[in-house]
Amino acid sequence: MASEVLAKPQMRGLLARRLRIHMVGAFLVSLGVAALYKFAVAEPRKKAYADFYKNYSPEKDFEEMKKAGIFRSIK
Amino acid sequence: MLSRAAWSLMLRKGGRGRREMHSPEAPARGEGKMPPYANWYAQRSYPMPEEPFCTELSAEQQALKEKEKGSWTQLSHAEKVACRCQGGYHQTFAEMNRRSNEWKTVMGCVFFFCGFTALLIWWQRVYVYPPKPITLTDEWKAQQLQRMLDMKVNPVHGLASHWDYEKKEWKK
Numbered sequence: 414m415a416s417e418v419l420a421k422p423q424m425r426g427l428l429a430r431r432l433r434i435h436m437v438g439a440f441l442v443s444l445g446v447a448a449l450y451k452f453a454v455a456e457p458r459k460k461a462y463a464d465f466y467k468n469y470s471p472e473k474d475f476e477e478m479k480k481a482g483i484f485r486s487i488k
Numbered sequence: 005m006l007s008r009a010a011w012s013l014m015l016r017k018g019g020r021g022r023r024e025m026h027s028p029e030a031p032a033r034g035e036g037k038m039p040p041y042a043n044w045y046a047q048r049s050y051p052m053p054e055e056p057f058c059t060e061l062s063a064e065q066q067a068l069k070e071k072e073k074g075s076w077t078q079l080s081h082a083e084k085v086a087c088r089c090q091g092g093y094h095q096t097f098a099e100m101n102r103r104s105n106e107w108k109t110v111m112g113c114v115f116f117f118c119g120f121t122a123l124l125i126w127w128q129r130v131y132v133y134p135p136k137p138i139t140l141t142d143e144w145k146a147q148q149l150q151r152m153l154d155m156k157v158n159p160v161h162g163l164a165s166h167w168d169y170e171k172k173e174w175k176k
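Protein sequence lines correspond, in order, to chains A and B.
Counting along the first sequence from 1, when you hit position 28 you're at 441 in our numbering, and nothing is skipped either side.
Counting along the second sequence from 1, when you hit position 144 you're at 148 in our numbering, and nothing is skipped either side.
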């Protein structure tokens with residue numbers, strides 16, 4: 414058996430401490446994930462759509478499709 | 005006729021083991037229940053068996069039992085391990101929970117039967133399946149893809165966004 418005396422371990426407040434740590438952690442993790450999604454997925458997607466429609470002409474698109482012959486009612 | 009005689013003979017032999025069920029003994033019984041169905045068998049999920057493993061103690065085990073009544077620090081390690089028989093247990097926790105190599109056999113058999121099934125499926129593909137429908141032939145699929153590009157399917161992020169309409173090839 415050990416001859417020296419061990420330090421008395423933490424006896425109280427264990428759950429409260431755990432909750433405090435995990436509350437802060439969960440908050441930060443959710444914020445982080447949301448920010449990551451916004452800047453990695455949402456913003457590029459919005460930009461891609463904006464760029465596509467900046468110089469989009471529906472008439473030109475329609476003429477190209479008609480020339481390719483996909484319509485059945487218009488030749 | 006012959007199998008019925010053999011079956012009744014087997015039943016009569018099993019009857020002898022049934023009478024001895026109420027006084028379990030140490031092994032060296034060929035008949036009766038074998039582990040894990042024996043009443044003295046314990047495992048990690050069932051650590052308190054119904055009956056003790058050995059009920060009659062030999063002389064040295066009696067002496068050990070007397071020694072057990074004193075301070076346990078005086079028992080040697082081997083004696084502590086031998087105490088399990090006085091408790092009526094077949095094995096210590098360390099012996100009971102020991103690892104085994106069974107997982108290798110299990111995984112080996114699983115992979116073997118997966119391979120066998122693959123052979124069966126291959127045979128089925130060659131000899132049972134009917135010919136492909138017309139829509140899955142290469143010519144039809146090429147025409148289908150051309151029509152999708154002409155329609156400009158998903159032009160922002162999807163299929164048509166990867167096609168270069170001026171050069172008539174896929175974008176690098």
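Virtual Cβ for every residue (Gly too), placed ideally from N, Cα, C.
Span separating the alpha-carbon of residue 442 of chain A from that of residue 454 of chain A = 17 Å
State the start and end residues of the unbroken alpha helix (DSSP H) segment that holds residue 480 of chain A.
-> Its alpha helix (DSSP H) spans residues 471-481.
query = Based on the DSSP secondary-structure assignment, which residues constitute the bridge partners of residue 44 of chain B?
reply = Answer by DSSP bridge pairing: none, since residue 44 of chain B is not bridged.
| query | If you measure from the beta carbon of residue 152 of chain B to each beta carbon in chain A, is any gap under 7 Å? | reply | no
Exercise for the section: May I ask you to report which of helix, strand or coil DSSP gives residue 19 of chain B? Expected result: Any reading at residue 19 of chain B must be qualified, since the residue scores a pLDDT of 45, below 50, and its modelled position is unreliable; no value is offered.
Discussion item. When you compare the CB of residue 177 of chain B with every CB in chain A, is at least one pair closer than 7 Å?
Written reply: Residue 177 of chain B falls outside the range modelled here, since chain B spans only 5 to 176, and no answer is possible.
(message) So residue 84 of chain B contacts chain A; which residues on that side make the cut at Cβ distance below 7 Å?
(response) Here the premise fails: no neighbours, minimum Cβ distance about 17 Å.
- prompt: Could you give the distance in angstroms between the alpha-carbon of residue 448 of chain A and the alpha-carbon of residue 461 of chain A?
  reply: 19 Å
Limits of the unbroken alpha helix (DSSP H) element including residue 420 of chain A = In the DSSP annotation of this structure, residue 420 of chain A is not part of any alpha helix (DSSP H), being labelled neither H nor E.
Query - Beta-carbon contacts of residue 40 of chain B that lie in its chain and below 8 Å, excluding the five residues immediately before and after - result: 47, listed in sequence order.
Measuring only between beta-carbons, confirm whether residue 447 of chain A sits less than 7 Å from chain B.
-> no
Item to complete: For chain B, find out if any of its Cβ atoms is closer than 7 Å to the Cβ of residue 452 of chain A; answer yes or no.
Response: no
Could you list which residues in chain B have their beta carbon closer than 7 Å to that of residue 481 of chain A, in chain order?
154
**Report entry** Burial state of residue 115 of chain B, where buried means 16 or more other Cβ atoms lie within 10 Å
**Finding:** exposed
| query | Should the region 55-69 of chain B be called in touch with the region 90-99 of chain B, which here means at least 3 C-beta pairs below 8 Å? | reply | Yes, since at least three Cβ pairs between the region 55-69 of chain B and the region 90-99 of chain B fall closer than 8 Å, the two stretches touch.
- prompt: Assuming residue 483 of chain A and residue 111 of chain B make a contact with CB atoms under 8 Å, what is their CB distance in whole Å?
  reply: Taking 8 Å as the upper bound for CB-CB distance, residue 483 of chain A and residue 111 of chain B are not in contact here, some 54 Å apart.
Quick one: list the residues of chain B neighbouring residue 475 of chain A, beta-carbon separation under 7 Å, in chain order.
-> Near residue 475 of chain A there are no residues of chain B at all, since even the closest Cβ is about 10 Å away, more than 7 Å.
Residues near residue 158 of chain B in its chain [Cβ-Cβ closer than 7 Å; skip 5 each side]: 164 and 165
Check your understanding: Run through DSSP, which three-state label would residue 50 of chain B get?
Key -> Secondary structure at residue 50 of chain B: strand, using DSSP grouped into helix, strand and coil.
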